[in-house]
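For the sequence shown, the tail end lands on 540 under this note's numbering, and the numbers increase by one without skipping.
Note that beta-carbon positions come from the ideal geometry of N, C-alpha and C, so glycine has one too.
Have a look at the structure below, then the notes.
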Amino acid sequence: MLYAGALSYFAANDVNLKMLNKGKQALAYRQPSLGTFSTSLNPIYSFGVPRQVEMSGIRVDMDAVAQSLWARNNDVQIANAIGQQVGIMTSVLEHRIPEMLFTNDEHPGEAVSAVKALAIANAEGQRIYQVTSENVNAVLPVLNISSEVKDEIRASVAVGKKATVSQNNITVGGWTGVGYIIADPDTGAGAYRISGGGNGGFLEYYEGISYSVVFTLFIATLLATISAVPVAAVLLIALTAITLFHALMTFIISDLKLKENQCPEEMTALLIALMVVFTFLPIIKGNNNKTIIFSLLFYSILVDAIPAASPACLN
């Protein structure tokens, strides 16, 4: 199926070029090209050891898609303009082909490409910047995107290329990132790229089951508290250790969200203060394990609520 996706991509590209050749302005033929359709996997860990993987989506990476293109009247400007249109078309196929092959009414989904990401950002009212060597130092500081993308843009414009990028990340399904184009202004050839904001398979997976963990630990501790049968000390110690681990994971995930959305350091300081009050003080004061567990669970729920408002930091 993945191989069929790659073949479908190049077949659709070739059909579009044949339609272009029927016009009166230009001729274009695809050169030997390569790219991959692959599964994107997230590992699931237990105590630091991967025990299984979940497929999180389909990854399309067209490393080299090149065309030979000429204007029929040898006008370089026409050739460059049509070359840009062909580049946009090849980027569009990177999200349309996966959507057509791998989604339907029973299994809905949405793919993203550089062109689609920029279109979504534009529809959201974001500013779309054309970055050149003349304005790069003024534009990059106002972009709320990853430092890796900024570095790539800076390096590209330093050698005479131009970049098109939105001011902020966008979210499509479970993917968060930015779409951007790096192009040669003399030829129109360009790289159509997307950049993700993932934090690692384990953290993404743990974030997804966070509320289930809290509920399970709460019920287990509540039953241990109201049970007439004495609960073994080792069980309460185990519950305390698991709850402490959950509280720490919640802190890490929340802190990452705050940093991703460029929230002020005071919000991270608040997370640390809550960690001290609800996690370490009950332990230092020598409270029993049940009190410590309930305190940790309350902390996890409270800290989970703080990053929900973190996207507002980008506004």
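Beta-carbon to beta-carbon, Leu-318 and Ala-416 are separated by about 15 Å, too far to satisfy the 8 Å threshold. Under the 10 Å beta carbon count, His-320 is surrounded by 16 or more other beta carbons and is classified as buried. Excluding residues up to 5 positions away in sequence, Gln-392 lie with their Cβ nearer than 7 Å to the Cβ of Val-367 in the same chain. According to the DSSP assignment, Gln-250 belongs to no alpha helix (DSSP H), since it is labelled neither H nor E. Measuring C-alpha to C-alpha distances from Ser-263 to each of Leu-252, Ala-306, Phe-327 identifies Phe-327 as the nearest. When DSSP states are grouped into helix, strand and coil, Asp-239 belongs to the helix group.
As the crow flies, the alpha-carbon of Leu-252 is around 51 Å from that of Cys-488. Here Asn-347 has Ile-353, Ser-391 as same chain residues with Cβ atoms under 8 Å from its own Cβ, once five neighbours each way along the sequence are excluded. Between the stretch 361–377 and the stretch 297–313, the count of Cβ pairs shorter than 8 Å is below three; the stretches do not touch.
With respect to Ser-338, Ser-358 sits apart: the two C-beta atoms are not nearer than 7 Å. Boundaries of the beta strand (DSSP E) harbouring Gly-402: 400–408, taken from the DSSP string. Between the alpha carbons of Ala-342 and Asn-298 lies a distance of about 34 Å. Look at Gln-355 here: in three-state DSSP terms it is strand. Between the alpha carbons of Gln-355 and Val-301 lies a gap of roughly 22 Å.
Per the coordinates, the alpha-carbon of Thr-389 lies some 5 Å from the alpha-carbon of Ile-406. Inter-residue distance for Gly-282 and Glu-331 is about 16 Å (C-alpha atoms, whole angstroms). Under the DSSP assignment, Ser-316 falls in the alpha helix (DSSP H) whose first and last residues are 301–327.
By the neighbour-count criterion, in which 16 or more other beta carbons inside 10 Å mark a residue as buried, Val-290 falls on the buried side. Between Gly-260 and Asp-239 a beta carbon distance of about 13 Å is seen, past the 8 Å cut, so the two are scored as non-contacting. CA-CA distance, Thr-412 to Asn-360, rounds to 21 Å. The DSSP-derived three-state label of Gly-230 is helix.
From the listed residues Ser-293, Leu-496, Val-285, the smallest Cα separation to Tyr-254 is found for Ser-293. Spanning the alpha carbons of Leu-227 and Met-325 requires a straight line of approximately 13 Å. Contact between Asn-241 and Met-314 is confirmed by a C-beta separation of about 6 Å, below the 8 Å threshold. In terms of Cβ geometry, Phe-476 and Leu-496 form a close pair [threshold 7 Å].
Every alpha helix (DSSP H) of 4 residues or more that sits fully in the stretch 355–395 is shown, in chain order, as 361–364, 372–383.
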